[in-house]
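Before any comments, here is the structure.
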Amino acid sequence: MSWPTKSLADIAILNPRIPKDRELPDTVVFLPMAAISEHGEILAQELRPLAEVRKGFTYFARGDVLLAKITPCFENGKAAFLENLQGDVGFGSTEFHVIRPNAEVLDGKYLFYMLWNDKLRHDGELNMTGSAGQRRVPTGFLERYRIPLPPLAVQRHIAKALEQVDRLRRQAQQMETELDRLAQGLFLEMFPEATRVAGQFTEPLGTHIAFLTSGSRGWAEFYADRGAIFIRSLDVRMNELNTNEVAYVSPPCSAESKRTKVEAGDVLLTITGSCIGRVCEVPSGLGEAYISQHVSLMRLESSLNPTFLSFFLSLPSGGQLQISKLQYGQTKPGLNLEQIRSLQIPAVTIDRQIQFVVALQKIEAQRQMARRQQAELEQAFQSLIQRAFKGELTPKVA
C-alpha cells in the first residue's frame, strides 16, 4: 500500500520559537553539537542557567527532533529524538534544526527515523547552501521535504521495527568498541613500559628502520582511471588501509617511483594535515601501490614486527601522545623523517612482539565479525527505510 506523502511544513513546526506565555525553569539542559552522536544518541546533557542560554542559542523541547544543519555534521548523521530530555525544554547549538511533530498526525520517533537515514542525507547534501566548510541545509529544504504519512498506529509500528534493527546495529558497534579497548588493554598489560617516553625500557624507532621515505610531490599529472593504487592520507586509517575509494596512477619509470613504491609489511604514517598520525601496515595482496607526499613509508628491520609497531603508534598513550607533543606550537601540523626516527618504542624482543600479534589476530577476527554484522544491519536498516517510503511496512492483521 502506498501512503500519502506530506511536506514537513504541513505536519511539523520547523525551528519553533519560545512561546511568549511559557514559563521556563531557571536551569535548563544545554546540548552543544558534541553532545549529539552520529549514531542518533544524546551523549551528555549539560545543565546551565537559563539566563546564559536563552538568547543566542537554539530552543527545543522534549519530543522534538534535532538535526545538524552544517557540514560535515549533517552528512555524518548527527541527529537525535529528544524523548529522554532532562526537563521539558532545553537550548543548544545554533547549528541544529529543530523539527517539532504535530502529535495529532505525526509520531515523533517515526519522524526521527524518516529524517535520520541515507535518503535525507543525500537529498539534503544536494540542497546545501554556503561556501566550502560552512555549507548548511536550509530551512526551506526541510519545509518542502516530503515523508509518507500513514495512520499513527502504522507509524508507531514502523518506528518500532526500525528501532529494533537500530538497537542491534548499536550493539554491534559497541562490540567493536569493546574489542578495541580489549586490544589496547592487552598491549598495556603485556608491555607496561609502552607509556614511558624515554628510558631504559624504550629505544628510538630509527634503530629498527631499514628504509624511511615520504611520497613524491606533483603526481597529479599521473592520475588515471585504472592502474597502480595511489595511497593518500585519507586512505590511511588507524591500523587499516582503506581501499574502498582509492585513486589510481600510471606511474613514471623513474627513481622516484621506485622510492615511493610500497611493499607488504611496510608501515605507513600520515605526516601532514588534519589526518596526521594515522598509521597502518600494508597488507599482503594489495598489488602495485605508491604513497603520496602526505604519507611516510617505514620498511623495518627483522627486529621489529610491523603489526606491533602500527598498534603501538596508534595507542593514545603511546605513539599518538608523542606525535601530539611534536605538533605543539606548530602553525602547520607536520612530521619530518627525523622526528619519526626519534619516536620512542618499547624495547622488547621480537618473540614478545609476535606473542602479542598472535593474540591481537584473534581479537581482530572477532572485530571483523562485528563489522560484518554492522554492515548487514546497516543494509537492513536502510532497506526498511526504503520500504517505509514505498508504503510496504504495515502491521500484520491477525
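In full-length UniProt numbering, the protein residues as written are 1 to 398. Every residue gets a Cβ at the ideal spot worked out from N, C-alpha and C, and that includes glycine.
C-alpha distance - residue i paired with residue j, whole-angstrom precision
i      : j      : result
Met238 : Ile363 : 16 angstroms
Arg278 : Met298 : 13 angstroms
Gln322 : Glu38  : 29 angstroms
Val397 : Ala51  : Confidence in Val397 is poor, its pLDDT being 45 and thus under 50, which makes the residue's placement unreliable; the coordinate value appears in the next sentence. Distance between the alpha carbons of Val397 and Ala51 is about 52 angstroms.
Phe311 : Asn117 : 33 angstroms
Tyr113 : Leu120 : 10 angstroms
Val236 : Asp123 : 29 angstroms
Arg226 : Ala247 : 8 angstroms
Ala44  : Gln320 : 26 angstroms
Same chain, Cβ closer than 6 angstroms to residue i, neighbours up to 5 away in sequence not counted
i      : result
Ala380 : Val165
Arg48  : Phe30
Leu309 : Val267
Gly77  : Glu38
Asn242 : Asp235
Lys109 : Phe81, Ala159
Beta-carbon spacing of residue i, residue j below 8 angstroms
i      : j      : result
Cys280 : Glu240 : yes
Leu315 : Gln155 : no
Leu67  : Leu14  : no
Glu193 : Phe187 : no
Phe57  : Val137 : no
Pro101 : Ala12  : yes
Glu203 : Gln355 : no
Ala9   : Ile36  : no
Residue from the options whose Cα sits closest to the Cα of residue i
i      : options                        : result
Gln134 : Met190, Glu125, Ala153         : Glu125
Thr71  : Arg54, Arg22, Asn127           : Asn127
Arg144 : Glu378, Val89, Ile99, Leu43    : Ile99
Leu269 : Ser296, Ser292, Trp219, Val249 : Ser296
Arg170 : Phe389, Gly391, Gln374, Ala12  : Gln374
Glu189 : Glu338, Glu376, Ser317         : Ser317
Ala347 : Leu152, Asn242, Ser303         : Ser303
Ser274 : Lys109, Leu337, Lys332, Ser214 : Lys332
Gln86  : Gly140, Lys78, Asp64           : Asp64
Glu23  : Ile276, Lys325, Gly90          : Gly90
8 angstroms Cβ shell around residue i - same chain, five flanking residues per side excluded
i      : result
Ala289 : Ala228, Ile229, Phe230, Ile231, Lys261, Val262, Val282
Arg341 : Pro204, Leu205, Gly206, Ile209, Leu212
Paired residues, beta bridge with residue i - DSSP
i      : result
Ile209 : Leu300
Cys253 : Looking at the DSSP assignment, Cys253 forms no beta bridge with any residue, so it has no partner.
Glu281 : Val267
Leu14  : Ile99
Gln344 : Pro204
Val29  : Leu47, Gly90
Leu66  : Ala80, Val98
Cutoff 7 angstroms; reference residue i; Cβ partners in own chain excluding five residues on either side
i      : result
Ser7   : Glu143, Arg144, Tyr145, Arg146
Ser257 : Pro251, Tyr290
Glu378 : Arg169
Gln339 : Leu326
Phe141 : Gly124, Asn127
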